[in-house]
Amino acid sequence: LRDKVTRWYAACLETVADQDKVPEKAFAACPLLCRRGDSWQYVDKEPRYLDDDNEFTKAFAGDAWLLHVPSRLTAYAVKYFGVPSMSESVKVHVERGEPQSPLENELQAKFNDSLPYVWAWRASQSKQDAEKLSSSLKHLKVLVVPALKARLDLNGVSHEVERRWDVFDDVL
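So the sequence shown is numbered by the working numbering: it starts at 1 and just counts up by one.
1) Could you check the C-alpha separation between Leu173 and Val171 for me, to the nearest Å?
2) What's the call for Leu115, buried or exposed, on a 16-neighbour Cβ count within 10 Å?
3) Can you give the beta carbon distance from His159 to Leu152, rounded, assuming they're within the 8 Å contact cut?
4) Inspect the beta-carbon positions of Val145 and Pro84 and report whether they are closer than 8 Å.
5) Which runs of the beta strand (DSSP E) spanning at least 3 residues fall entirely within the stretch 48-110, listed in chain order?
6) Does DSSP put Arg164 in a helix, in a strand, or in coil?
7) CA-CA distance, Glu131 and Trp121?
8) Taking the beta strand (DSSP E) that Asp153 falls in, what are its first and last residues?
9) For Leu50 versus Ala10, is the C-beta distance shorter than 8 Å?
10) Alpha carbons only, please: which of Leu32, Asp38 and Glu55 is nearest the one belonging to Arg48?
11) What residue range is occupied by the uninterrupted beta strand (DSSP E) comprising Cys34?
12) Near Trp119, which residues of its chain fall below 7 Å by C-beta distance, leaving aside the five closest residues on each side in sequence?
13) Taking the alpha-carbon positions, what's the Asp169 to Asn54 distance?
14) Suppose you measure from the CA of Asp44 to the CA of Val78; what does that come to, to the nearest Å?
15) By a C-beta neighbour count over all protein chains shown, 10 Å radius and 16 as the cutoff for buried, is Tyr42 buried or exposed?
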């Protein structure tokens with residue numbers, strides 16, 4: 001049933017995206033099939049979030065009602081269903097340990113060799129200015145820390161998670 005409903009949501013969003021006169025949040029009051037933990041139900045009175053970020057979805061799977069639509073339609077789900085996205089709703093507070101060391105020379109060389117590919121991928125994925133992206137990548141510095149923890153906050157609920165990476169200014 002949930003696959004059929006998800007396909008119906010996709011068809012609905014694709015259709016209204018092609019229309020000029022459909023107001024934003026036109027379907028905000030409609031019950032939507034959402035998941036919380038192992039439970040699936042139609043939700044309209046409680047907060048619902050679009051599960052557009054795997055880390056956040058995993059952390060809050062048992063706490064929040066999550067709506068799934070294909071990733072190509074997430075912007076339309078926010079616009080027409082009035083469902084906020086997890087990526088925009090979760091507040092992240094990263095606890096960075098003291099850097100132990102920069103990358104070893106061999107790893108730094110491999111990292112530098114990969115930057116043109118990172119640039120090409122990022123440039124194709126976003127509307128970011130190509131020159132600004134190139135400058136950011138050239139100045140990017142990588143440090144190794146013993147542990148990287150983050151506190152994720154969503155609507156009064158917090159979870160602590162370990163992260164594999166984080167970006168702060170021009171430091172990865």
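Where a beta carbon is used, it is the ideal one built from N, C-alpha and C, also for glycine.
Quick look at the numbers:
1) Coverage of the chain is limited to positions 1 through 172, which leaves residue 173 absent and any answer about it impossible.
2) Leu115 comes out exposed.
3) Indeed they touch by this definition, with Cβ atoms about 5 Å apart.
4) Cβ atoms of Val145 and Pro84: not closer than 8 Å.
5) Those beta strand (DSSP E) runs which fall completely within the stretch 48-110 and span 3+ residues are 48-50, 65-67 and 91-96.
6) Coil, per DSSP.
7) Those two C-alpha atoms are separated by around 14 Å.
8) For Asp153, the enclosing beta strand (DSSP E) has its first and last residue at Leu148 to Leu154.
9) Cβ atoms of Leu50 and Ala10: not closer than 8 Å.
10) It is Leu32 whose Cα lies nearest to the Cα of Arg48.
11) Counting along the chain, Cys34 sits inside the beta strand (DSSP E) bounded by residues Leu32 to Arg36.
12) These residues qualify, in order along the chain: Leu133, Ser134 and Leu137.
13) So the alpha carbons of these two residues sit roughly 23 Å apart.
14) In a straight line, the C-alpha of Asp44 is about 15 Å away from that of Val78.
15) Exposed is the call here.
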